[in-house]
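Inspection log for the structure reproduced underneath, given as structure tokens.
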Amino acid sequence: MSTFKIKDVLTRVYNSKRPAVADLELLLSLATEPETRILYAYADRVRKKFAGNGILLRGIIEFDNNCRNNCLYCGLNRQNKHIKRYRLTQSQVLDSVARMAAQGIKTVVLQSGEASDLDAEWLAIVIREIKQRHHLAVTLSVGEQDLKTYRLWREAGADRYLLKIETTDREIYQAMHPEMDYDRRVTCLRNLKKLGYQVGSGIIIGLRGQTRSSIARDILFFQRHGFDMIGIGPFIPHYQTRLAKDKKGEALLTLNALALTRIVTRFSHLPATTALGSMEQDYRREGLQAGANVLMPNFTPQPYRRYYELYPGKRCVNEAVGACVPCLAGLVASIKRHLDFSYGHTLMR
Ligand code: 5AD
Ligand code: FES
826 MSTFKIKDVL TRVYNSKRPA VADLELLLSL ATEPETRILY AYADRVRKKF
876 AGNGILLRGI IEFDNNCRNN CLYCGLNRQN KHIKRYRLTQ SQVLDSVARM
926 AAQGIKTVVL QSGEASDLDA EWLAIVIREI KQRHHLAVTL SVGEQDLKTY
976 RLWREAGADR YLLKIETTDR EIYQAMHPEM DYDRRVTCLR NLKKLGYQVG
1026 SGIIIGLRGQ TRSSIARDIL FFQRHGFDMI GIGPFIPHYQ TRLAKDKKGE
1076 ALLTLNALAL TRIVTRFSHL PATTALGSME QDYRREGLQA GANVLMPNFT
1126 PQPYRRYYEL YPGKRCVNEA VGACVPCLAG LVASIKRHLD FSYGHTLMR
């Protein structure tokens, strides 16, 4: 496609309150280096204008890998009997948080599977302790819960919540999550927003049956909901799941979706996801140059990290707690950007 045509479509998408699916599809299909260079440079300018040059850090602690769900793509699904299940103690979580705070990080992400015996008050205590001891921003990523539980955690001091929609294509959603319900997930996202959380969502690129048109609709969904944060990563097949033999998501399509999400949503915080960094090469650098402005160093204590295996080849599984920050400083210096040690609250309001 000619440079002129690409720029024309980009301008139309950027300036539109509701871009056309066909325009988004066309940009998602860009594949040659000269074409994607134009797309990524555009997204990079939009990122710089609305989110600045700093790269925000969110330290993630994967505190529990038990899960009641049965997502086809996920290595933690309850049918996987081959992995060792673990749950950190409150003091293990708080020790990791202290290490993170000592390195200057201001946001902790507490992530887990959806354990059927999750004790909401247990987590509320952890949240209160973190707020009292370190004043960090607290982000939860603990799946679908009832309104009462979301309220308890919000009142305990949680600031943000991540709940990916994974795909907005109802048919694919149902196929990937046999016992779950698309509408219930959207209701959860609405409840979180009502409670005053900064809300994050996101998708997986390369799920079976997913088309460029369905990704285009995902991006419009992000725009309609005005999410504060959006995570986009490639599908990576896990050998102990029913999708073991499926094709992995493409880095190219993931980067195109990321770039377009930046152009369409403007202010949302977009991580260069760990999945993007766990492919045949570390594509997080490319992600940061195609619209992303966030990195998520891993602070899950050893020896548990390898057991949080959402997908194989997940990066940093052998590193010690604390090792990711200097590594990421090197990564961002190589693209002439810098780490931003501020809270990085939402830019949407
Ligand atoms: N490939 C890529 N991403 C995955 N996730 C889970 N399993 C996989 C996989 N096989 C992502 C989902 C989930 C997040 C915690 O990890 O998007 O929301
Ligand atoms: Fe974890 Fe590089 S980001 S070691």
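Residue 1130 in the numbering used here sits at position 305 of the sequence shown, with consecutive numbering throughout. Note that CB positions come from ideal geometry on N, CA and C, so glycine has one too. Just so it is clear, the structure is predicted and the values come from calculations on it, not from any experiment.
What residues come near ligand 1, if near means a beta carbon less than 6 Å from any of its heavy atoms?
-> Going by the Cβ distance cut-off, the answer is Tyr898, Cys899, Lys989, Glu991, Ile1029, Gly1058, Phe1060, Ile1061, His1063, Ala1100, Leu1135, Tyr1136.
When DSSP labels each residue in this structure, what does Ser1038 get in the three-state scheme?
-> helix
Would the beta-carbon of Asn891 be found less than 7 Å away from any heavy atom of ligand 2?
-> no
Measuring from the CB of Ala1082, is there a heavy atom of ligand 2 at a distance below 7 Å?
-> Ala1082 has its CB no nearer than 7 Å to any heavy atom of ligand 2.
Using 10 angstroms around the beta-carbon of Gly1034, count the other beta-carbons present and answer buried if the total reaches 16, otherwise exposed.
-> exposed
In chain order, what residues of the same chain have a beta carbon less than 8 Å from the beta carbon of Ala856, not counting five sequence neighbours either side?
-> Leu1077
What is the DSSP secondary structure of Met1173, counted as helix, strand or coil?
-> coil
Inter-stretch contact (C-beta, 8 Å, three-pair minimum) for the segment 1141-1156 and the segment 924-935 | Yes, since at least three Cβ pairs between the segment 1141-1156 and the segment 924-935 fall closer than 8 Å, the two stretches touch.
Just to check, is the beta-carbon of Cys896 closer than 7 Å to a non-hydrogen atom of ligand 2?
-> No, the beta carbon of Cys896 sits no closer than 7 Å to any heavy atom of ligand 2.
State the Cα-Cα distance for the pair Asn1081 and Ala845, rounded to the nearest angstrom.
-> Going by the C-alpha atoms only, they are around 16 Å apart.
Quick one: what's Glu946 bridged to in DSSP?
-> Beta-bridge pairing links Glu946 to no other residue.
Mind checking whether the beta-carbon of Leu1153 lies closer than 7 Å to any heavy atom of ligand 2?
-> Leu1153 has its CB nearer than 7 Å to a heavy atom of ligand 2.
Can you say whether Gly1021 is buried or exposed, counting buried as having 16 or more other CB atoms within 10 angstroms of its CB?
-> exposed
Would you report the Cα separation of Leu965 and Val934, rounded to the nearest angstrom?
-> 6 Å
For ligand 2, any of its heavy atoms closer than 7 Å to the Cβ of Ala1148?
-> Ala1148: yes, Cβ under 7 Å from ligand 2.
Hey, out of Leu948, Glu991, Val922, whose CA is closest to His960's CA?
-> Restricting attention to Leu948, Glu991, Val922, the CA atom closest to the CA of His960 is found in Val922.
Per-residue burial, Tyr1064 [other beta carbons within 10 Å of its own, 16 or more giving buried] | The residue is exposed, with fewer than 16 neighbouring Cβ atoms inside 10 Å.
Is the beta carbon of Leu1032 less than 8 Å from the beta carbon of Met1001?
-> For Leu1032 and Met1001, yes; Cβs fall inside 8 Å.
Kindly indicate which residue of Ile1044, Lys909, Tyr998, Gly1051 has the alpha-carbon position closest to the one of Leu1017.
-> Per the Cα distances, Gly1051.
What residue from Tyr867, Ile831, Ile1028 has the CA that sits closest to Glu850's CA?
-> Ile831
Arg1162 beta carbon near ligand 2 (any heavy atom closer than 7 Å) = no
Arg883: CB within 7 Å of a non-hydrogen atom of ligand 2 = no
His1163, DSSP secondary structure in three states | strand
In angstroms, rounded to a whole number, what distance separates the CA positions of Tyr839 and Gly1112?
-> 19 Å
Can you give me the Cβ contacts of Arg1162 inside the same chain, cut-off strictly under 8 Å, excluding the 5 residues immediately before and after it?
-> Asn878, Gly879, Ile880, Leu1113
Look at the Cβ atom of Arg883, then the Cβ atom of Thr914, and state whether they are nearer than 8 Å.
-> With a cutoff of 8 Å on beta-carbon distance, Arg883 and Thr914 are scored as not near each other.
Report yes if the CB atom of Gly968 is closer than 8 Å to the CB atom of Glu991, and no otherwise.
-> no
Beta-carbon proximity check, Pro1137 vs Met1104, cutoff 8 Å | Contact annotation: Pro1137 and Met1104 have beta-carbon atoms that are not nearer than 8 Å.
Give the straight-line distance between the Cα atoms of Val871 and Arg1087, rounded to the nearest whole angstrom.
-> Cα-Cα distance, rounded: 7 Å.
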